[in-house]
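See structure below.
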Amino acid sequence: MLILYGTKGCHLCDDAEVLLTQAQMAIRFEWQYTDIALDDTLVKKYGIRIPVLRKTTEQELSWPFSLLDVVRFAC
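Per my numbering, residue 12 is the first one in the sequence shown, and the count goes up by one each step.
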């Protein structure tokens, strides 16, 4: 399971969502979107770094990332 941290109005976050959807066509994985604006702790941690992908193992992939980066990260 991957978590995409982002927020509304973030065009880079929208781009990251597109990449995740495209990556799901190549490999099987699940992801969820978390809006950092709903949690002050997440705003402090990710505010200037979004979009950020995070694995349940706590590994993170910060923007910029490509489709290939997402596929490799999800494996």
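Glycine included, every Cβ here is placed at the ideal spot set by N, Cα and C.
Note that the region 43-53 does not touch the region 71-86; fewer than 3 beta-carbon pairs, one per stretch, sit closer than 8 Å. Distance between LEU23 and LEU64, taken at the CA atoms: about 12 Å. Listed in chain order, the non-local C-beta contacts of GLN33 below 7 Å within the same chain comprise LEU78, local neighbours out to five positions each way being set aside.
For ILE61 and ARG39, the gap between their C-alpha atoms comes out near 24 Å. DSSP, read as helix, strand or coil, puts ARG83 in helix. Rounded to the nearest angstrom, the gap between the Cα atoms of TYR16 and ILE59 is 11 Å.
The straight-line gap separating the alpha-carbon atoms of LYS56 and VAL82 is approximately 24 Å.
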